[in-house]
Each structure stands twice: as C-alpha cells, then as structure tokens.
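Those sequence lines, one after another, are chains A and B. Last residue of the first sequence: number 154 in our numbering, and the count goes up by one each step with no gaps. Last residue of the second sequence: number 312 in our numbering, and the count goes up by one each step with no gaps. Where a beta carbon is used, it is the ideal one built from N, C-alpha and C, also for glycine.
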Amino acid sequence: MAALSTRVKATFKTRYGLEFSMTFYVPPGIVDPNDSRVQAVIAAINAVTNAYCFRIEITAANPHAVTPTSSPDYVNEDKAEFVFSGEGGTAHTLKVPGLKAAILTGDNETINALAGTPHAFCIAVTTYGQGAGGETLVQPALGHRRAARKTLKK
Amino acid sequence: MAFDLNPSNVLQLLFRDANGKHASMKMYIDSGETDPSAGGAAAISAAAAALSDSALYETQILIVAEDSSAGPATSGDYDRPSDKALFRFNTADGTIVHQQIGAPLNTVFSNAWDVDALDSGVAAYIAAMITNCTTQEGAALIAFDGGNRRRPPRRKQQ
Numbered sequence: 001m002a003a004l005s006t007r008v009k010a011t012f013k014t015r016y017g018l019e020f021s022m023t024f025y026v027p028p029g030i031v032d033p034n035d036s037r038v039q040a041v042i043a044a045i046n047a048v049t050n051a052y053c054f055r056i057e058i059t060a061a062n063p064h065a066v067t068p069t070s071s072p073d074y075v076n077e078d079k080a081e082f083v084f085s086g087e088g089g090t091a092h093t094l095k096v097p098g099l100k101a102a103i104l105t106g107d108n109e110t111i112n113a114l115a116g117t118p119h120a121f122c123i124a125v126t127t128y129g130q131g132a133g134g135e136t137l138v139q140p141a142l143g144h145r146r147a148a149r150k151t152l153k154k
Numbered sequence: 155m156a157f158d159l160n161p162s163n164v165l166q167l168l169f170r171d172a173n174g175k176h177a178s179m180k181m182y183i184d185s186g187e188t189d190p191s192a193g194g195a196a197a198i199s200a201a202a203a204a205l206s207d208s209a210l211y212e213t214q215i216l217i218v219a220e221d222s223s224a225g226p227a228t229s230g231d232y233d234r235p236s237d238k239a240l241f242r243f244n245t246a247d248g249t250i251v252h253q254q255i256g257a258p259l260n261t262v263f264s265n266a267w268d269v270d271a272l273d274s275g276v277a278a279y280i281a282a283m284i285t286n287c288t289t290q291e292g293a294a295l296i297a298f299d300g301g302n303r304r305r306p307p308r309r310k311q312q
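Below is the structure:
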C-alpha cells in the first residue's frame, strides 16, 4: 500500500500558559521537523497568533493490507508480555496483543522467549529498540500471557 | 528557530482483532529510524506480527523535536487566549480541511468575527498551507474557503 501523508502536530504555548495544538499533513517522505516546508507553515502560524510553537511531532505511517485471523484463540485483550531490562535494572515492558496460542508452553501461561518466533521478536527488539534515552535493552528468558478485561460489577 | 530532535523516536504498531477491537504497542527506537517501511521498524513489525492472530494494519514512527530557544509569546491585542481563528480550505478531492489557530491576533479578522484574507499575515498563512500541505489522503489544498472567530462558551455559574 502507498505510504500515507505525513502528519505534523505542532504545539503552541500562549502568553498565559495555555497550550493548543494544530495538526496538518505534508507529502510522505518528509520526516525532518526542520524541513523547509514544515517550518514555512509553522512560521506563518507564528505570525498570526500571540502564541509560539515549542514542539513538533511528526508521524510517518506505513499501512499494511492484512486481515485478522478469524475465530482466533485469543483476541486483543490477551497479550504476550515481555519485560526487557534496561541499564540500572529498569524494566521495559512490551505487550503484543492477540497472541497466538502456538507460542504458549503447556501451561498456557508462559512463553519461551529463547526459541522460535518469540525469540525472533526479542532479538529484533534488542537489536533495533532502546530506552527513551538510548539505553540498550536485554531480552528476558520468559514471556507471559496477560489478560486485560474489565472486572464484573458486583 | 531550530528544533532539536529527541534522542529516541517512538515506534507504534496498531493491531485490529477479529472482533474489530483496536490495540497498540509502543516502544522506543533509534532517532535515525525514520522510515516505517524499512530498517528496524520493518523488522520489529514483522516479528510482532508473527506472534499475533490480530492484523497489524499500520506501523508508525513518531519523531519529536522541541525548540530549546522558543518564546516568549508576544503580547498584543487579542480578546481571549481561548479564542480560535477557524480556517476552511477546499481540496482537490472535494473535501474541506479545517484548521484552528489559537490566540489569534485581532488583525486576523476584518470585523472582529470574519477572517480577513487580505491581511498580510493571513495571506502568508494561506499561501503556506496551499503550497506545503495536503489532506490525509494526499490530495492538494487548492483554495481558501473562508474563516471566522470561534469563542468557547463561558462556564455557567451554578
């Protein structure tokens, strides 16, 4: 599928502390907040408002033409949870929704993160992922199934 | 005005299950990863999709930058900071794009309520939008359709 237009969200702050944001779209492939086209729009907005832009968030999106598995064993409320370790022992938890039953071990609760597709996922995360400040992630030995459902009212 | 990139970008994967419910997974990736269809984003997307019966229908990379020398906001005549100037643009695919600018200068309006397209700042903003922006689907903005002031209602006293 063709890439979607790039979404740009600019956040402004007024003199008395109120904030507002504006969202506009630019052609796909623009990913630099300092791009001349993005800055041209920001500068034009700054000229007609008593606020100033202090943050720009750019979202580059790639759609996939896929369909979910019909009658799956688990839906999005059930997630495969992996807790990666960062520097200083900080925990970085990732949850993949709608986990496949095939990745669970015999107890239907734990996931062997050292083999098969779970291991491939952990390798991808430790290779390309990081903490917010750039810290390296270390993969766990096990993952777990986590069910997120609303409790019944009594 | 220069914006400084955050040290990490955010990778967001969007899933939809057979019941139509949506879920997402977020994590941080290197700031050099900017293409959601290639590199680390593609690798993590493929690996996550292999674990799930839900459909991974979109991969997003969020790039955040902040201006370390921004501000302060200028003072000037404007009625209320919560006021907005609403702009409407016509597009090549027939849709209407709306943009709202907060704390608008009084010079934006010709009679305190209607946007004055002849104002130099307004004209520059209109030109910047038409030249540089598109709709979400990629259609071009072709003309300014008009605009007006929007004022949120005051909270009623109980």
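Between the options, which has its C-alpha nearest residue i's C-alpha?
| i | options | result |
| --- | --- | --- |
| B:Leu-207 | A:Ile-58, A:Thr-136, A:Arg-15 and A:Asn-76 | Residue identity check: residue 207 of chain B is Asp in the sequence provided, not Leu. Checked all of A:Ile-58, A:Thr-136, A:Arg-15 and A:Asn-76; the closest Cα to B:Asp-207 is A:Asn-76. |
| A:Thr-11 | B:Glu-291, B:Ala-257 and B:Asp-299 | B:Ala-257 |
| B:Met-181 | A:His-92, A:Gly-29, A:Asn-46 and A:Thr-127 | A:His-92 |
| B:Leu-167 | B:Leu-205, B:Gly-275 and B:Ala-156 | B:Leu-205 |
| A:Val-38 | B:Ala-202, B:Asp-273 and B:Thr-288 | B:Thr-288 |
| A:Tyr-74 | A:Leu-137, A:Arg-145 and A:Asp-35 | A:Arg-145 |
| B:Asp-189 | A:Ser-5, A:Lys-153 and A:Gly-131 | A:Ser-5 |
| A:Ala-43 | B:Ala-202, B:Phe-243 and B:Ala-156 | B:Ala-156 |
| B:Ser-185 | A:Gly-129, A:Ala-40, A:Lys-150 and A:Ala-147 | A:Gly-129 |
| B:Arg-234 | A:Thr-110, A:Ala-101 and A:Leu-18 | A:Leu-18 |
Cβ of residue i less than 8 Å from any chain A Cβ?
| i | result |
| --- | --- |
| B:Phe-169 | yes |
| B:Pro-190 | yes |
| B:Ser-236 | yes |
| B:Gly-194 | yes |
| B:Phe-298 | no |
| B:Ser-206 | yes |
| B:Ile-217 | yes |
In the DSSP output, what is residue i paired with across the bridge?
| i | result |
| --- | --- |
| A:Arg-7 | A:Tyr-25 and A:Thr-59 |
| A:Pro-140 | According to DSSP, A:Pro-140 bridges with nothing at all. |
| A:Ala-65 | DSSP, once it has assigned bridges, lists no residue as partnering A:Ala-65. |
| A:Cys-53 | A:Phe-12 |
| B:Met-130 | There is no way to answer for residue 130 of chain B, as the model of chain B reaches only from 155 to 312. |
| B:Asn-244 | B:Ile-250 and B:Ala-297 |
| B:Ile-215 | A:Ala-60 and B:Leu-165 |
| A:Pro-97 | A:Lys-79 |
| B:Pro-258 | A:Thr-49 |
| A:Asp-73 | Note: A:Asp-73 sits in no beta bridge, so no partner. |
| B:Leu-205 | DSSP output for B:Leu-205 lists no bridge partner at all. |
Nearest chain B C-beta to residue i closer than 8 Å, yes or no?
| i | result |
| --- | --- |
| A:Arg-15 | yes |
| A:Glu-57 | yes |
| A:Val-138 | no |
| A:His-64 | yes |
Leaving aside the five residues before and after residue i along the sequence, list all residues of the same chain whose C-beta is less than 6 Å from its C-beta, in chain order.
| i | result |
| --- | --- |
| A:Asn-9 | Here residue 9 of chain A is Lys; the residue named in the question, Asn, does not match the sequence. Excluding residues within five positions, the ones whose Cβ falls inside 6 Å are Ser-21, Thr-23 and Glu-57. |
| A:Glu-179 | Absent from the structure is residue 179 of chain A, since the part of chain A shown begins at 1 and ends at 154. |
| B:Arg-304 | Lys-238 and Leu-240 |
| A:Ser-36 | none |
Under 7 Å Cβ to Cβ from residue i, same chain only, skipping five residues before and after it: list those, please.
| i | result |
| --- | --- |
| B:Asp-158 | Ala-219, Glu-220 and Ser-222 |
| A:Gly-46 | The question names Gly, yet the displayed sequence has Asn at residue 46 of chain A. Hits under 7 Å: Tyr-52 and Cys-53. |
| A:Thr-14 | Asn-50 and Ala-51 |
| B:Asp-400 | Residue 400 of chain B lies beyond the range of chain B shown here (155 to 312); nothing can be said about it. |
Suppose the cutoff is 8 Å on Cβ atoms and the five residues either side in sequence are ignored; what does the same chain contact list for residue i look like?
| i | result |
| --- | --- |
| A:Val-138 | Phe-84, Ser-85, Gly-86 and Thr-126 |
| A:Thr-110 | Leu-104, Leu-142, Gly-143, His-144 and Arg-145 |
Evaluate the contact criterion for the stretch 39–58 of chain A versus the stretch 203–220 of chain B: three or more CB pairs, one atom per stretch, below 8 Å. Two segments are said to touch when three or more pairs of C-beta atoms, one from each, lie closer than 8 Å; by this definition the stretch 39–58 of chain A touches the stretch 203–220 of chain B.
Quick check: the stretch 241–254 of chain B against the stretch 60–75 of chain A, are at least 3 beta-carbon pairs closer than 8 Å? The stretch 241–254 of chain B and the stretch 60–75 of chain A do not touch, with fewer than three beta-carbon pairs separated by less than 8 Å.
For the pair the stretch 292–308 of chain B and the stretch 236–249 of chain B, tell me if three or more CB-CB distances fall below 8 Å. Three or more pairs of CB atoms, one per stretch, sit closer than 8 Å, so the stretch 292–308 of chain B contacts the stretch 236–249 of chain B.
Are the stretch 178–195 of chain B and the stretch 113–122 of chain A in contact at 8 Å, needing three or more beta carbon pairs? When Cβ pairs closer than 8 Å are counted between the two stretches, the stretch 178–195 of chain B is seen not to touch the stretch 113–122 of chain A, the count staying below three.
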